[in-house]
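Novice: Here the sequence shown is numbered in the working numbering, starting from 3 and rising by one per residue. For glycine and all other residues, C-beta sits at the position ideal for the given N, C-alpha and C.
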Amino acid sequence: MSNIPPNGPPPPPPYGYPPHPGGFAYIPMPAPVMMPMYPPPAPDPTPNPTYVTNYYYPHAPPPPPATTTPDPVRVVEDSNPIEWVQSSPNTASTLTHRAFVAGREGWDGSPLWVIRSHHSGELIPGKLAIKHRSAYIPHAGKEIPVHNFEVLCAPGNVLRWVPASNGQVPVGAIPAGNSHSGEPLYIARVNHLKSVTPGKVHPSHGCCYISFGGEEIPMKNYEVLCKIV
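Here you go:
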């Protein structure tokens, strides 16, 4: 039996080893394999940064309502500049700068104011001769003197006189009283014997009445005191 290995003789040195005297060949081992080192290397002391991509918010009670200070209460005054002021012949002069001048006396040119007074179950518009401290209303055919009444106080720029006739009253007419049946009575004035005298419009009677010379005088044509609208 031949001593030559089936695969042929080994290569000459340095690629092999000489044959063993017993007839066997030595084949070199493959390249060494790197084995892990013990102990393993220490980790990098600087840790990798942590990135937070989501947050979790547990259910929390709602925040308390904001505390606000309420606005102060505002007292809104009546914007109506027209008022009736209780008075008498002896105290009416204190209203000189507030009273509405509606006419004048024919014989001396002194001013006449608008008043209203209760009489026989009615509230009746009339006139006050402030210079002479005399107040009158027309009623039942007579000029009735009164001593307790209300004076109309209003600035002149909120009122105007509007022509009318036969018991009619224009838009904005000021109701100043009422008859015993509850019918509204309005303020009017008439030119009569050089005077401009305030009185009342009684619509169902179809006329205006003024008190003059001791009498209640009816007039078909007159002017009605109206609010400017």
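In chain order, what residues of the same chain lie with their CB nearer than 7 angstroms to the CB of residue 192, ignoring the 5 residues before and after it?
Specialist: These residues qualify, in order along the chain: 199, 201, 210, 212, 221, 224.
Novice: Quick check: the Cα distance between residue 102 and residue 154, rounded to an integer number of angstroms?
Specialist: Going from the Cα of residue 102 to the Cα of residue 154 covers about 6 angstroms.
Novice: Assuming residue 157 and residue 205 make a contact with CB atoms under 8 angstroms, what is their CB distance in whole Å?
Specialist: That belief does not hold up - the Cβ atoms of residue 157 and residue 205 are roughly 27 angstroms apart, past 8 angstroms.
Novice: Less than 7 angstroms between C-beta atoms, sequence neighbours within five positions excluded: which residues of the same chain meet that for residue 108?
Specialist: So the list reads 195, 196, 197, once near-sequence residues are dropped.
Novice: Taking only three categories from DSSP, how would you classify residue 207?
Specialist: Of the three classes helix, strand and coil, the one that applies to residue 207 here is helix, per DSSP.
Novice: Using the Cα positions of residue 228 and residue 91, report the straight-line distance between them to the nearest angstrom.
Specialist: Cα to Cα, the separation comes out at about 26 angstroms.
Novice: Here's the rule I'm using: 16 or more other beta-carbon atoms within 10 Å means buried, otherwise exposed. How should residue 100 be labelled?
Specialist: Exposed, by the Cβ-count rule.
Novice: Roughly how many angstroms lie between the CA atoms of residue 187 and residue 119, to the nearest whole one?
Specialist: Their backbone Cα atoms lie some 12 angstroms apart in a straight line.
Novice: Taking just the CA atoms, how far does residue 151 sit from residue 88?
Specialist: Computed Cα separation, rounded: 6 angstroms.
Novice: To the nearest angstrom, how far is the alpha carbon of residue 137 from that of residue 176?
Specialist: About 20 angstroms.
Novice: Drop a sphere of 10 angstroms on the beta-carbon of residue 127, count the other beta-carbons inside from all chains shown, and report buried for 16 or more, exposed for fewer.
Specialist: The residue is buried, with at least 16 neighbouring Cβ atoms inside 10 Å.
Novice: Would DSSP call residue 159 helix, strand or coil?
Specialist: In the structure shown, residue 159 sits in a helix (DSSP, three-state: H, G or I).
Novice: Using the rule of at least 16 other Cβ atoms within 10 Å of the residue's Cβ for burial, across every protein chain shown, is residue 124 buried or exposed?
Specialist: Buried, because 16 or more other Cβ atoms sit within 10 Å of the Cβ of residue 124.
Novice: Where does residue 173 land, buried or exposed, given buried means 16+ other C-beta within 10 angstroms?
Specialist: Looking at its Cβ environment, which holds fewer than 16 other Cβ atoms inside 10 Å, residue 173 is exposed.
Novice: Could you give the distance in angstroms between the alpha-carbon of residue 98 and the alpha-carbon of residue 104?
Specialist: Their Cα atoms are separated by approximately 13 angstroms.
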